[in-house]
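The opening position of the sequence shown corresponds to residue 2 in our numbering, with each subsequent residue numbered one higher.
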Amino acid sequence: MYIPQINKFDFNFPHPNSANEDGIVAWGGDLNPSRLIKAYQSGIFPWYAKDEPILWWSPTPRLIMELDDFKLSRSLKKSIKKFTFKFDTNFSKVMNMCANTPRANQDGTWINNHTIESFEVLFGMGIAHSVETYHNDELIGGLYGLTIGKVFCGESMFAHKSDASKAAYTILVRHLKEWGYDFIDCQVPTEHLKSLGAKEVSRDYFLERLNSVKYDYIESKWIIDKKLI
Numbered sequence: 002m003y004i005p006q007i008n009k010f011d012f013n014f015p016h017p018n019s020a021n022e023d024g025i026v027a028w029g030g031d032l033n034p035s036r037l038i039k040a041y042q043s044g045i046f047p048w049y050a051k052d053e054p055i056l057w058w059s060p061t062p063r064l065i066m067e068l069d070d071f072k073l074s075r076s077l078k079k080s081i082k083k084f085t086f087k088f089d090t091n092f093s094k095v096m097n098m099c100a101n102t103p104r105a106n107q108d109g110t111w112i113n114n115h116t117i118e119s120f121e122v123l124f125g126m127g128i129a130h131s132v133e134t135y136h137n138d139e140l141i142g143g144l145y146g147l148t149i150g151k152v153f154c155g156e157s158m159f160a161h162k163s164d165a166s167k168a169a170y171t172i173l174v175r176h177l178k179e180w181g182y183d184f185i186d187c188q189v190p191t192e193h194l195k196s197l198g199a200k201e202v203s204r205d206y207f208l209e210r211l212n213s214v215k216y217d218y219i220e221s222k223w224i225i226d227k228k229l230i
C-alpha cells in the first residue's frame, strides 16, 4: 500500500483513516514542534527506529485510559508511600532516562536528540510535562507526555526501582481527574498498561473523543497537590 511522504514545508497530515493496515499514515517531514502539535491534534504520533525515516502513526485499535478505570493494586498503594513526587522539575532528564533505560524485548529507542530537543520546546510552551518519582532525593522513575486540550498523550516511562513508573502514573491519574481531564492516550496496546485498566478502542471512537475535547483550555502549569498523594 502506498504511504505518502510529508512535505517538510507543509504541517498538514493525511486523514488518520487513510493509514495502512499497520497504522502508518505517512512518513518523512521532521519533528518541528508545530508539526508535532498538529499531529497530536489529528490523532497521529511519530514512532520510528534509529536510522529510519520518521513514521507517523494512527493505529487501530488504540489504547486509552479512562481515568475512572485506573486499577490501583494493594501493593502499588503501599509502594507510593515510599516515594516522593514532582512535576516538571527534571523534564529533560526524564526523557533521557526513558531513552536509555533498557527494556525487555526492545532493542533501542526512537527517543533521540531531535526528539528531546523538540519536546523541550513543547515543555517550554507548557504543552509537554513530566511526572517524576524520587527516593532519597534520587530520580528513580517517571514518565512524560503532552497535553492536547483535556487529553494527556503519554509518551514513555521508566523505572529504576520496582513500581517507580507505576507510582508516577498513579499520581498522574489522580491529578488529571482533579483537573478535569478526559482520558489518557496510551497509543499502542501493551499488557502492562492494560493491567492498570487501559482499554482498546477503535480509531474512529478515539478520534471522536479527541475531537470533542482537544480545543478546551487546560492550565499549563502543573503543581503537585499533596492531598492527592
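Cβ atoms here follow ideal geometry from the backbone N, Cα and C, with glycine treated the same way. Please read all numbers here as calculations on a predicted model, not as lab measurements.
Among the candidates the options, whose CA atom is the shortest distance from the CA of residue i?
| i | options | result |
| --- | --- | --- |
| G155 | G29, L56, G143 | G143 |
| F10 | S35, E179, P60, N91 | S35 |
| R175 | Y206, G150, I230 | I230 |
| P190 | T61, V95, W57 | T61 |
| A199 | G125, K222, K72 | K72 |
| W180 | E53, D23, T90, K222 | K222 |
Determine the contact status of residue i and residue j, defining contact as a CB-CB distance below 9 Å.
| i | j | result |
| --- | --- | --- |
| W28 | Q188 | no |
| L123 | L147 | yes |
| N33 | S119 | yes |
| L208 | M66 | no |
| A74 | V26 | Per the sequence shown, residue 74 should be read as Ser rather than Ala. Not in contact: S74 and V26 (Cβ atoms no closer than 9 Å). |
| D186 | K151 | no |
| A169 | V132 | yes |
| A165 | W111 | no |
| F88 | I225 | yes |
Looking at the secondary structure, which residues open and close the alpha helix (DSSP H) in which residue i lies?
| i | result |
| --- | --- |
| L208 | 204–214 |
| A160 | A160 -> not in any alpha helix (DSSP H); beta strand (DSSP E) instead, spanning 152–160. |
| L194 | 192–196 |
| V275 | The requested residue 275 does not occur in the structure, where the chain is confined to residues 2 to 230. |
Which first and last residues belong to the beta strand (DSSP E) in which residue i is found?
| i | result |
| --- | --- |
| I65 | 63–67 |
Assess, as a yes-or-no matter, whether the region 96–103 is touched by the region 63–83 under the definition of 3 or more beta carbon pairs within less than 8 Å. Inter-segment contact for the region 63–83 and the region 96–103 is absent: fewer than three beta-carbon pairs are separated by less than 8 Å.
Touching by the beta-carbon criterion (3+ pairs, under 8 Å), the region 43–59 and the region 166–180: no
Mind listing, in chain order, the continuous alpha helix (DSSP H) runs of no fewer than 4 residues lying wholly within the region 23–82? 34–42, 75–81
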